[in-house]
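Each remark here refers to the structure printed beneath this line.
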Amino acid sequence: MKVLITGGAGFIGQHLARRLRDEHELVALDVLHPQVHLHPEASRAAFPGEVVIGDVADPHAWDRVPRCDAIVHLAAETGTAQSMYEQERYVRVNVDGTRLAGERAAGWGVPVVAASSRAVYGEGRHRTTDGVIGFGARPAGSTPEDSTEDDPHHPVSVYGQTKSDGERALAEAAATVPVSIVRPQNVIGPGQALHNPYTGVLAAFLARLREGKGLLVYGDGTQTRDFVHVHDLAALLHWMLEHPPTPGDPRILNCGTGVRTDLNALARYAIEGSPRDDVEVEHVDVTRAGDIVDACADLGRVRACGAPLPKVSSRDAVAGFIQWSWDKPGADSQAWDAALGELEARGLTS
Ligand SMILES: NC(=O)c1ccc[n+]([C@@H]2O[C@H](COP(=O)([O-])OP(=O)(O)OC[C@H]3O[C@@H](n4cnc5c(N)ncnc54)[C@H](O)[C@@H]3O)[C@@H](O)[C@H]2O)c1
Numbered sequence: 037m038k039v040l041i042t043g044g045a046g047f048i049g050q051h052l053a054r055r056l057r058d059e060h061e062l063v064a065l066d067v068l069h070p071q072v073h074l075h076p077e078a079s080r081a082a083f084p085g086e087v088v089i090g091d092v093a094d095p096h097a098w099d100r101v102p103r104c105d106a107i108v109h110l111a112a113e114t115g116t117a118q119s120m121y122e123q124e125r126y127v128r129v130n131v132d133g134t135r136l137a138g139e140r141a142a143g144w145g146v147p148v149v150a151a152s153s154r155a156v157y158g159e160g161r162h163r164t165t166d167g168v169i170g171f172g173a174r175p176a177g178s179t180p181e182d183s184t185e186d187d188p189h190h191p192v193s194v195y196g197q198t199k200s201d202g203e204r205a206l207a208e209a210a211a212t213v214p215v216s217i218v219r220p221q222n223v224i225g226p227g228q229a230l231h232n233p234y235t236g237v238l239a240a241f242l243a244r245l246r247e248g249k250g251l252l253v254y255g256d257g258t259q260t261r262d263f264v265h266v267h268d269l270a271a272l273l274h275w276m277l278e279h280p281p282t283p284g285d286p287r288i289l290n291c292g293t294g295v296r297t298d299l300n301a302l303a304r305y306a307i308e309g310s311p312r313d314d315v316e317v318e319h320v321d322v323t324r325a326g327d328i329v330d331a332c333a334d335l336g337r338v339r340a341c342g343a344p345l346p347k348v349s350s351r352d353a354v355a356g357f358i359q360w361s362w363d364k365p366g367a368d369s370q371a372w373d374a375a376l377g378e379l380e381a382r383g384l385t386s
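Just so you know, we're using my numbering here: the sequence shown kicks off at 37 and counts up by one.
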């Protein structure tokens, strides 16, 4: 079949495209965003199919896309911290763009698989000292629990809010065509942008490791995340494409390892994966607006519906990313210092 991948020239899109290329004809709709693509022509050439250059939030761009048999909607603005001061831009692309993807799927009468994010959960699920389950901001002494797909949305960033609104923007399409939504945790792997200081703590670690500088962990490093390998996400997206749900009954799945990694461990894994052993971990007493403390996926539903479970541990994924990226061009660490400075200047740190 002919599959449209919006954002197909990006990190996850290229991995998915390589996975699908032997089975399907592929088309990408991608604006080749300069913040993501240092060499747009190379990104375009790397995509194994036709690339329509256009903005998903522009209805005219969709008119230039050939009719396809399924849509995988990945295009988005993805910087959590940046979303706190570029709100209009994030709403336009992540909400309006997703609505247009749903409308196009409904117009063509074809399934859509869309990337949302774990950011919709915000601080997610917790259990209080009295054993009561709650969601969102955590009371003192409570323990974080893994987020399930039925948990309420409590986003703390504009990015998370736009992903939550983007899911809702698919509701109309979901009444008539199969709609699948995936909520990935932190995705890592080869091909991740190394020069985009608005996403990805690991690219920041890589830059400092290469310069022989200490790895900067914001806070005490006990914050937890769930780092999933991009191959595992691509496998899940592939399965969702092959298993469209019934129209009127959209399927939402988490994507993660189901295992928490704290940021101190993440820094250690990065150092272990690098050729350096002379680099320390430094803690910086700063909190960025929009950041959460803890996150991890519950995989019960993924397991129950027979979708593929993750194969790569977070530790192996981190080491693999550092090794693959070590000699690739990327921004120097100053770019991340400048991104933090932008937040400070706007009063978005504490
Ligand atoms: N990478 C992660 O850790 C992660 C985690 C959760 C969810 N997601 C979601 O997965 C999807 C893909 O993320 P990614 O990591 O591959 O990001 P990416 O930035 O590498 O790729 C996004 C692609 O979308 C394109 N794009 C951006 N704005 C566009 C627009 N207005 N019109 C058309 N194309 C546009 C970019 O040029 C880029 O090629 C996004 O929806 C993101 O929110 C990613």
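Each residue gets a CB set at the ideal place from its N, CA and C atoms; glycine is no exception.
Quick check: does the Cβ of residue i come within less than 6 Å of any heavy atom belonging to ligand 1?
i	result
Val63	no
Ile407	A query on residue 407 cannot be resolved here, the shown segment of the chain reaching from 37 to 386 and no further.
Gly43	yes
Ala112	yes
Val322	no
Leu273	no
Val237	no
Leu52	no
Asp66	yes
Asn290	no
Pro311	no
Pro220	yes
Val264	no
Val149	no
Val92	yes
His69	yes
Val131	no
Val354	no
Exposed or buried, which one is residue i when buried takes at least 16 other CB atoms within 10 Å?
i	result
His96	exposed
Gln359	exposed
Thr134	buried
Ile169	exposed
Glu316	exposed
Asp66	buried
Lys364	exposed
Arg347	The amino acid at residue 347 is misidentified as Arg; the sequence shows Lys. Lys347 comes out exposed.
Glu159	buried
Ser361	buried
Gln221	buried
Gly145	exposed
Met19	Nothing can be reported for residue 19, as the shown portion of the chain is limited to 37 through 386.
Gln370	exposed
Ala117	buried
Arg140	buried
Glu278	exposed
Thr165	exposed
Enumerate in chain order the residues of its own chain whose CB-to-CB distance from residue i is below 8 Å, with the five nearest sequence positions on each side excluded.
i	result
Thr282	Pro214
Leu272	Val218, Leu289, Cys291, Val338, Ala343, Pro344
Arg312	Leu245, Gly248
Below 6 Å, is the gap between the Cβ of residue i and the nearest heavy atom of ligand 3?
i	result
Ser153	Within the structure as shown, ligand 3 is missing, the only ligands being ligand 1.
Apart from the five residues on each side of it in sequence, which residues of its chain come closer than 6 Å, Cβ to Cβ, to residue i?
i	result
Met120	Val194, Ala325, Gly326, Leu384
Thr235	Thr114, Gly115
Thr260	Arg296, Asp298, Asp330
His73	Ser79
Leu335	Gly294
Leu251	Phe241, Arg244, Ala303, Val317
Ala229	Val72
Ser386	Thr323
Gly85	Leu62, Val63
Asn300	Gly257
Ala270	His51, Leu52, Arg55
Check the DSSP bridge columns for residue i and list the partner residues they point to.
i	result
Thr297	Arg261
Cys291	Pro220
Pro180	His162
Leu136	Bridge partners of Leu136: none, in fact.
His109	Thr42, Ala150
Phe171	Arg161
Glu61	Lys38
Asp201	Its beta-bridge partners do not exist; DSSP assigns none.
Leu8	Because the chain in this structure spans residues 37 to 386, residue 8 falls outside the shown range and cannot be described.
Arg324	Thr385
Val213	Note: Val213 sits in no beta bridge, so no partner.
Ile89	Asp66
Val194	In DSSP, Val194 forms no bridge with anything.
Ala333	Ser183
Glu318	Leu252
By Cβ distance, which residues of its chain are closer than 7 Å to residue i, with the 5 residues on each side in sequence left out?
i	result
Arg351	Tyr305
Gly172	Gly158, Glu159, His190
Gly90	Leu65, Val67, Ala97, Arg100
His162	Gly170, Arg174, Ser178, Thr179, Pro180, Glu181
>> Tell me whether the region 40 to 48 and the region 182 to 192 touch, counting them as touching only if at least three CB pairs, one residue from each stretch, are closer than 8 Å.
In response: no
> Within the chosen definition, does the region 94 to 113 reach the region 173 to 187 through at least 3 CB pairs nearer than 8 Å?
Replying inline: no
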